[in-house]
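Student: Dropping a structure here in structure tokens format, bear with me for questions.
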Amino acid sequence: FDKFKKTVNVSQRKIYTTNLVFSLHYRITFWFLLACAVLVGSREFIKEHINCISEGYLKNVINTYCFFSTTFTVLKHHNSSNNLQNNAHPGVGPYIVGHEPIIRHAYYQWVPFVLVLQGLMFYLPYFIWKYVENGRLKAIVQAMITSPLIATEESVIKGNKIESEELRNKKIMLMKEMYLTFSRFRVNRDWARSLVFCETLNVVNLILQVILVNIFLQGKFLHLGTEWMKDSNDVLDMVFPKVTKCTFRKYGASGSLQIHDTICVMSLNIINEKLYCILWFWFFALFIVTCIGLIWRLLTFLLHSSSPAFNKWIWGELSPGPALKTQDILVVTRKLCFSDWLFLYYLGKNINGAMFRKIVTNISESLQDTSPVLKQENYVLLKPTPSPSTSHKDDESFC
16 FDKFKKTVNV SQRKIYTTNL VFSLHYRITF WFLLACAVLV GSREFIKEHI
66 NCISEGYLKN VINTYCFFST TFTVLKHHNS SNNLQNNAHP GVGPYIVGHE
116 PIIRHAYYQW VPFVLVLQGL MFYLPYFIWK YVENGRLKAI VQAMITSPLI
166 ATEESVIKGN KIESEELRNK KIMLMKEMYL TFSRFRVNRD WARSLVFCET
216 LNVVNLILQV ILVNIFLQGK FLHLGTEWMK DSNDVLDMVF PKVTKCTFRK
266 YGASGSLQIH DTICVMSLNI INEKLYCILW FWFFALFIVT CIGLIWRLLT
316 FLLHSSSPAF NKWIWGELSP GPALKTQDIL VVTRKLCFSD WLFLYYLGKN
366 INGAMFRKIV TNISESLQDT SPVLKQENYV LLKPTPSPST SHKDDESFC
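Start counting the sequence shown at 16; every next residue gets the next number (the working numbering).
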């Protein structure tokens, strides 16, 4: 009975207004970055994050100073052959102050804050989309909440309502009328444009994220993955050194300047190097998948009104079972602009296949109506009237 109850009760069904590619940004990447921020932040500000070699009474002072100021490594000591022969650690060794270049490392204290900022930026396109979408698709679907089972007359079985076929047909007609009303007032146009805009914004945001992290890591992130695959030690030791140098100055009892040249163990960089390597490969894969998603969106725009086979295939995925009539597909796809088509597609993702087929059939019958009012008000784009204020042809095809 529990399985039957879950099948009948569709009132809690999730409404899908995005695709898998979109969810990789606002769901997977967003939560991954926040989890990394919590992990790094907990170790950075709660546990031991830096340990500098110094005299006992100065240890805590130097540890705090070197963490909140900057540590550094010497550029010439990052040379691989030089490291093996003369230095115990990459980038650590003697140097002439002011004459030999050094690399300062100040990013580590900002890592958790930057990760939180990145997570929020990945969520931003979805936040904009939900604000603009404003539950329009949900309004139609909830008006159609229905049991997948029907009976000749309305009845109740163990507290679960089984609708009559007449009631279901009324709901289907209601959904069709709501859909056509949305089309008449161009609601679908803004809905589809906003969705495509936010999908494009995902790509723009991803590129900005790569630029941001590259600046944050002093220009080393862009080629981090490829350099790591070539030589895993050099690039990681330069960007995320495990041992660094730090200079602490203080005054002695007589007022003379005392300089403490110490080395610090950066235990936090063991996590940072793995985190940013994972991010590099994830951003690379996410960029490819997102571009494929945009190419798919472009293909749907080009094929939605010109390829019956494409529509038969894609709508067949939405409504498994008896295939839609070719005539209905031709009428709907050729008389609806892309924004209406896309809205109808997402509508089909959120209702059962049998209901979707009936809705498409009813919309097809309405579109074949010879009433001039219907054609003029709902589907003026079939015969656009040129005027100085009208959109261009590509805008008309999108609606």
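Built from N, CA and C at the ideal position, the CB exists for glycine as well.
Y110 by DSSP, collapsed to three states: which one?
Tutor: coil
Student: Quick one: which unbroken alpha helix (DSSP H) runs of 4-plus residues sit fully inside the region 35 to 103? Chain order, please.
Tutor: Runs of the alpha helix (DSSP H) inside the region 35 to 103: 35 to 38, 45 to 60, 74 to 83 and 95 to 101.
Student: Rounded C-beta distance between I30 and L152? I'm assuming under 8 Å.
Tutor: 6 Å
Student: Enumerate in chain order the residues of its own chain whose CB-to-CB distance from L239 is below 8 Å, with the five nearest sequence positions on each side excluded.
Tutor: If the five residues before and after L239 are omitted, its C-beta is found closer than 8 Å to the C-beta atoms of L232, V250, V254, Y291, C292 and W295, all from its own chain and listed in chain order.
Student: Taking 8 Å as the cut-off, decide whether the C-beta atoms of L216 and E59 are in contact.
Tutor: no
Student: Let me know the secondary structure DSSP gives L210 once reduced to three states.
Tutor: L210 sits in a helix when the DSSP states are folded into three classes.
Student: Excluding sequence positions up to five away, which residues of its chain have a Cβ less than 6 Å from the Cβ of N34?
Tutor: none
Student: Would you report the Cα separation of S381 and C352, rounded to the nearest angstrom?
Tutor: 15 Å
Student: With 16 as the cutoff for other CB atoms within 10 Å, does Q133 come out buried or exposed?
Tutor: buried
Student: Counting along the chain, where does the beta strand (DSSP E) carrying Y360 start and finish?
Tutor: From DSSP, Y360 is part of no beta strand (DSSP E) but of the alpha helix (DSSP H) over F353 to K364.
Student: Below 8 Å between beta carbons: does that hold for V89 and I65?
Tutor: no
Student: Going by DSSP, which residues form a beta bridge with T241?
Tutor: Answer by DSSP bridge pairing: none, since T241 is not bridged.
Student: Grab the span of the alpha helix (DSSP H) containing D246 for me, first residue to last.
Tutor: It is not in any alpha helix (DSSP H) - D246 carries neither H nor E in the DSSP assignment.
Student: Exposed or buried, Y146, counting other C-beta atoms within 10 Å across all chains shown (16 or more means buried)?
Tutor: Y146 comes out exposed.
Student: Using the beta-carbon count (16 or more within 10 Å), is A300 buried or exposed?
Tutor: exposed
Student: Pick helix, strand or coil for L232, following the three-state DSSP scheme.
Tutor: coil
Student: Expressed to the nearest angstrom, what Euclidean distance is found between the alpha-carbon atoms of F47 and W297?
Tutor: Note on geometry: alpha-carbon atoms of F47 and W297 lie some 11 Å from one another.
Student: So which of S38, E115, K350 and I61 has the shortest CA-CA distance to L141?
Tutor: The residue asked about is misnamed: residue 141 is Tyr in this sequence, not Leu. Minimum Cα distance to Y141 is reached at S38.
Student: Are there 16 or more other CB atoms within 10 angstroms of the CB of T86, so buried, or fewer, so exposed?
Tutor: buried
Student: Going by CA-CA distance only, name the one from Q342, S209 and C261 that's closest to I378.
Tutor: Q342
Student: For T32 and M370, what's the separation of their Cα atoms in angstroms?
Tutor: Pairing T32 with M370, the inter-Cα distance amounts to about 19 Å.
Student: Considering only the alpha carbon of each residue, which of V126, D205 and G113 lies closest to S57?
Tutor: V126
Student: Just checking my contact of H114 with P105 at CB under 8 Å: how many whole Å lie between their CB atoms?
Tutor: That pair is no contact at about 21 Å.
Student: Alpha helix (DSSP H) containing I286: first to last residue?
Tutor: Per DSSP, I286 belongs to the alpha helix (DSSP H) from N284 to L318.
Student: Where does G363 land, buried or exposed, given buried means 16+ other C-beta within 10 angstroms?
Tutor: buried
Student: Contact between the region 256 to 275 and the region 309 to 328 is defined here as three or more beta-carbon pairs at a separation below 8 Å; is this criterion met?
Tutor: Under the three-pair Cβ rule at 8 Å, the region 256 to 275 does not count as touching the region 309 to 328.
Student: Tell me the DSSP bridge mates of V218?
Tutor: None, per the DSSP bridge assignment.
Student: Expressed to the nearest angstrom, what Euclidean distance is found between the alpha-carbon atoms of D205 and D252?
Tutor: Using only the alpha carbons, I get a separation of about 50 Å.
Student: Once you ignore the five residues that flank L272 on each side, which residues in its own chain have a CB closer than 7 Å to its CB?
Tutor: For L272, where only same-chain residues beyond five positions count, the Cβ hits under 7 Å are R264 and Y266.
Student: For A338, which option in I278, I303, G368 and R312 has the closest C-alpha, if you only look at C-alpha atoms?
Tutor: G368
Student: What residues are listed by DSSP as bridge partners for D276?
Tutor: Answer is T262, bridged to D276.
Student: Where I374 and R42 are concerned, what is the direct C-alpha to C-alpha distance, given to the nearest angstrom?
Tutor: I374 and R42 have their C-alpha atoms roughly 32 Å apart.
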